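Colleague: Residue numbers (the working numbering), protein chains in the order written: chain G, 1 to 167; chain L, 1001 to 1432.
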Amino acid sequence: MSNLQGKVFLYGDNINTDLISPPQYLEKSMDIIAQHAMEGVDEDFSKQVRQGDIIVAGENFGPGSSRETAPIALKMSGVSVVIAKFFARIFYRNAINVGLPVLECRNIDDIKAGDVLEVDMGSGAIRNLTTGVSYQAEPLSDTVAEILSAGGLVPLLEKKFGDKGAT
Amino acid sequence: MKQEGVWAMGMTMAEKIIARAAKREQLIPGQFVWADVDTAMMDDLLGPRVVIAEQIKRLGNTIWDRDKVVIISDHYSPAANITQAEILKFTRNWAHEYGIRQYFEGIGPCHQILAEKGFDRPGTLLVGTDSHTCMAGAFGCFGTGIGSTEMLGVLVSGQIWLRVPESMRFVWQGQLQTGVYAKDLVLKTICSIGQAGATYKVMEFAGSCIERLSVDDRMTIANMAVEAGAKTGIMAPDEKVFSYLDAIGADKGTPVYSDADAKYCYSAEFDAAVLTPQIALPNEVDKVVSVTDAAGETIHQAYLGSCTNGRYQDLQEAAKVLRGRKVCDSVRMIVSPASHSIYNRAMRDGILQVLSDAGAMIVAPGCGACLGLHSGILASHERAISSTNRNFVGRMGHKDAEIFLGSPASVAAAAIEGCIADPRNYLQGVLV
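1. Give a yes or no on whether the minimum CB-CB distance between K1023 of chain L and chain G is below 7 Å.
2. Excluding the 5 residues flanking L1187 of chain L on each side, which residues of the same chain have their C-beta closer than 6 Å to its C-beta?
3. Looking only at DSSP bridge pairs, what is R1169 of chain L linked to?
4. Label T1124 of chain L either buried or exposed according to how many other C-beta atoms from any shown protein chain fall within 10 Å of its C-beta, with 16 as the threshold for buried.
5. If we call anything under 7 Å between Cβ atoms a contact, is V41 of chain G one with L10 of chain G?
6. Could you give the distance in angstroms between the alpha-carbon of I1087 of chain L and the alpha-carbon of F61 of chain G?
7. Using only CA atoms, which one of L:I1072, L:A1414, L:P1122 and L:D1120 lies nearest to G1108 of chain L?
8. For D1074 of chain L, decide whether its Cβ has a neighbour in chain G, counting only Cβ atoms nearer than 7 Å.
9. My assumption, with CB atoms under 8 Å, is that Q1112 of chain L sits in contact with V1070 of chain L. Please give the rounded CB distance.
10. From A1236 of chain L to S1386 of chain L, what does the alpha carbon distance come to, in whole angstroms?
11. Checking contacts by CB at 7 Å: is S1148 of chain L closer than that to chain G?
12. Just to make sure I have the definition right: I need the residues of chain L whose C-beta is within less than 8 Å of the C-beta of L148 of chain G. Which are they?
13. Under 7 Å Cβ-Cβ, which residues of chain L neighbour R67 of chain G?
14. Mind listing which residues of the segment 6-28 of chain G have their C-beta closer than 9 Å to chain L's C-betas, in chain order?
15. Which residue comes first and which comes last in the beta strand (DSSP E) that contains I1082 of chain L?
16. Pairs of beta-carbons, one from the segment 1221-1233 of chain L and one from the segment 144-163 of chain G, closer than 8 Å: are there three or more?
17. Between Q1055 of chain L and chain G, is the shortest Cβ-Cβ distance under 7 Å, so that the two count as touching?
18. Flag this pair as yes or no: are the beta carbons of V1321 of chain L and Y1181 of chain L separated by less than 7 Å?
19. Which partner residues does A1040 of chain L have in the DSSP bridge list?
20. Since E1054 of chain L is in the alpha helix (DSSP H), which residue starts that stretch and which ends it?
21. Report the rounded CA-to-CA distance for G1433 of chain L versus L156 of chain G, giving the unit in angstroms.
22. Using a Cβ-Cβ distance cut-off of 7 Å, determine whether L1371 of chain L contacts chain G.
23. Alpha carbon to alpha carbon, what distance is there between N94 of chain G and L153 of chain G?
24. Tell me, please, which residues DSSP counts as bridged to L1378 of chain L.
25. For I1299 of chain L, name the three-state secondary structure that DSSP assigns.
26. Counting only C-beta atoms, is G162 of chain G closer than 7 Å to chain B at any point?
27. Hey, which unbroken runs of the alpha helix (DSSP H) at 4 residues or more fall wholly within the segment 1214-1261 of chain L?
28. Work out the CA separation of G1324 of chain L and E68 of chain G for me, nearest whole Å.
29. Helix, strand or coil for M121 of chain G per DSSP?
30. Determine, using beta carbons only, whether S80 of chain G and L4 of chain G come nearer to each other than 7 Å.
31. Throw me the rounded Cβ distance for the I1334 of chain L and V1363 of chain L pair, which I believe falls under 8 Å.
32. Taking the Cβ atom as the reference point for each residue, do D1259 of chain L and G1010 of chain L lie within a distance shorter than 7 Å?
33. I'd like to check one pair, A1014 of chain L with I1193 of chain L: are the Cβ atoms closer than 7 Å?
34. Would you kindly work out how many angstroms separate the C-alpha atoms of L1315 of chain L and V1327 of chain L, rounded to a whole number?
35. Against chain G, does Q1084 of chain L count as a neighbour if the rule is that its beta carbon must be under 7 Å from one of theirs?
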């Protein structure tokens, strides 16, 4: 997996799925859902985020609903990776399955909003290009790395089940 | 009931269920396994319309076992607008097109319907596209919420990868006092470990208090396990569970029980007798205080319903508080029984009449107000007390609205006073 580079959007602990992907937009198209990403915690997020940007958050990112519109909305907004101290279980699985890279890293308290990070998904090495400080995230498990490398669960399943179809 | 199967010693019931599903005798927490799914449930919100309908065509366009798939349209029913109506139509048609005979619509939140239709079988693995699928743990069933893409994988393969979770044990001994309920017990439990305290783990509930509770009450507890981050909340299936299943003519599954020497990563014991009514303050489920510490906080809406607390017993307890009394003029009280059958029973028994006489609006069974989709959305700066499971920012409507969570009796007491109030004052006949 290649290196990622982007500007940091910084959030706190317990950023839940109702904040990331508010329920009132779930009946709309995915484009509209993505336009309202993070609205519950940061109304300017979708206006300011650029392709490749990075979310850095505290503990327990993504608790709540099983809605994978949460990771999809972040991915569609251009977020290249979410780095948090740890993730809520369903969000973590969903992010992997839809191909949104996620890394767990504990000692990230000195990262500031607007810092530029370089992330090596293969090794979990994170370098803060603004401050020069380096961090080491938990490397991905083999199962997770395999799904992310394929671009998500569907491309992986396609290898297994794709040739059975009549389509 | 005797448990079936041959087990290596020292396993929790959750480990045994995953071991059976993964065709292994022994498992250790942290291990990755592929497990066979017994029941796959989709709802209208995150079911076929999200990813699944489109992508299944890339994956052979065939469902592994139609009889193990259940679709329940509950979030958008009855539809509030054309978009929601189209989603219901799409889901209904998709179920028909793919030959899913077990399709239900408009009869209540999916987790309650799974229970009533006999899908929460002891010892089985149930996955659903809704985070509160953990409610099935009340039956000793390993129920857990998954995303739509993950469900797509289950639909084509019948399998899911799982990391075997560690188990935490919560032992509640003794008897709850008048005016104190399963909801108070689970709020207190979540508060004790925090909203991320059980992340990726199983919460196993045991003790004489849990054994005394009805299956309905146990569902309230298991339902909220995900609010502490748990993969599921589970309890040993006993005679009450088997009677429940008997009464609906359901299969009893393959019950399993934790070994005496099972290993837990955490264990805590609580005394039910000293528990008071609990309230979760806005905007976090683990920000829990005794009702007396929140008393007087103004509310504009009182919501009684949902898969967490809209069952017959819940309506009955609220009716005890509201009988002969009136909902405060400044409050809208909305009641949504958790299923069609509960609605009918409460109507026959006069419970809905009591609630309606008090001034409550009775609305259809479903998920509507719980996550601000329809039937009771909050405006900016409005405050509600709700018997549901989540009080996140924006959950029931405007992001500047605030939600308090409590038991059905606490909802009823607040509806009368127009502010958070102690339900015990109404149940013991003593007004403070």
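All C-beta atoms, glycine included, are put in the ideal place defined by N, C-alpha and C.
Bear in mind that the values here come from a model prediction, so they are computed numbers and not experimental data.
Modeller: On the basis of the data shown:
1. When Cβ-Cβ separations below 7 Å define contact, K1023 of chain L makes no contact with chain G.
2. Cβ neighbours of L1187 of chain L beyond the five flanking positions: Q1278, A1280 and V1288.
3. Beta-bridge pairing links R1169 of chain L to L:E1204 and L:S1267.
4. T1124 of chain L is buried by the Cβ-count criterion.
5. No, they are not a contact pair.
6. Rounded to the nearest angstrom, the gap between the Cα atoms of I1087 of chain L and F61 of chain G is 29 Å.
7. Closest in C-alpha terms to G1108 of chain L, from the list L:I1072, L:A1414, L:P1122 and L:D1120, comes L:I1072.
8. It does not: the Cβ of D1074 of chain L has no partner Cβ on chain G nearer than 7 Å.
9. With a Cβ gap of about 13 Å, Q1112 of chain L and V1070 of chain L do not count as contacting.
10. Their backbone Cα atoms lie some 29 Å apart in a straight line.
11. Yes, S1148 of chain L lies at the interface with chain G (some Cβ there is under 7 Å from its Cβ).
12. Neighbours of L148 of chain G on chain L: none; closest Cβ ~13 Å, over 8 Å.
13. Around R67 of chain G, the beta-carbon contacts reaching into chain L at under 7 Å are L1046.
14. Listed by position, the residues of the segment 6-28 of chain G near chain L (Cβ gap below 9 Å) are D13, N14, N16, T17, D18, L19, P22, P23, Q24, L26, E27 and K28.
15. Where I1082 of chain L is concerned, there is no enclosing beta strand (DSSP E), although the alpha helix (DSSP H) around it starts and stops at I1082 to E1097.
16. They do not touch, by the three-pair rule.
17. Closer than 7 Å: yes.
18. No, Cβ-Cβ distance for V1321 of chain L and Y1181 of chain L is not below 7 Å.
19. Beta-bridge pairing by DSSP links A1040 of chain L to L:V1069 and L:V1127.
20. I1052 to Q1055 is the extent of the alpha helix (DSSP H) around E1054 of chain L.
21. Look at the range of chain L in this structure, 1001 to 1432, and you will see that residue 1433 of chain L is not part of it.
22. Using a Cβ-Cβ cut-off of 7 Å, L1371 of chain L counts as an interface residue toward chain G, since at least one Cβ of chain G sits closer than that to its own.
23. Between the alpha carbons of L153 of chain G and N94 of chain G lies a distance of about 9 Å.
24. L1378 of chain L is bridged to L:G1397.
25. Of the three classes helix, strand and coil, the one that applies to I1299 of chain L here is coil, per DSSP.
26. The structure shown contains no chain B; its protein chains are G and L.
27. Runs of the alpha helix (DSSP H) inside the segment 1214-1261 of chain L: 1215-1223 and 1239-1247.
28. The alpha-carbon atoms of E68 of chain G and G1324 of chain L are separated by roughly 46 Å.
29. Three-state DSSP puts M121 of chain G in coil, outside helix and strand.
30. Yes; because the gap between Cβ atoms is below 7 Å, this pair is in contact.
31. Contact between I1334 of chain L and V1363 of chain L holds, with the beta-carbon distance rounding to 6 Å and staying under 8 Å.
32. Yes.
33. Cβ distance not < 7 Å, so I1193 of chain L and A1014 of chain L don't count as in contact.
34. A direct Cα-Cα distance of roughly 15 Å separates L1315 of chain L from V1327 of chain L.
35. With 7 Å as the cut-off, Q1084 of chain L counts as an interface residue toward chain G.
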